[in-house]
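For the sequence shown, counting from 1, position 43 maps to 41 in the working numbering; every step adds exactly one. We treat Cβ as the ideally placed atom computed from N, Cα and C, and that holds for glycine. Here the structure is a predicted model, which means the values were calculated and not measured.
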Amino acid sequence: GKASTPFLLARVAELTGGNSVNSNIELVFNNAKLAARIASAYQQL
-1 GKASTPFLLA
9 RVAELTGGNS
19 VNSNIELVFN
29 NAKLAARIAS
39 AYQQL
C-alpha cells in the first residue's frame, strides 16, 4: 500500500547501490512517452 511503497523503494535502492533509482526514473519517462503516443493515436480516431 501507500505506506510500504516508499519503504520498499528505499530498500531496493539501498540493496542495488542506487541503480534501481535510475531504472525507476527511466520507467517514468518511458511511461510518459507511451502515454503521449497513446493520447496522440486516440486523438486521431
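7 Å Cβ cutoff, residue i in contact with chain C
i: Asn29; result: The displayed structure is made up of one protein chain only, and chain C is not part of it.
Closest residue to residue i among the options (Cα-Cα distance)
i: Asn22; options: Ala39, Ala11 and Lys31; result: Ala11
C-alpha distance - residue i paired with residue j, whole-angstrom precision
i: Thr3; j: Lys31; result: 24 Å
i: Gly15; j: Lys0; result: 23 Å
i: Asn29; j: Val19; result: 15 Å
i: Ser38; j: Phe27; result: 17 Å
i: Leu13; j: Ala34; result: 33 Å
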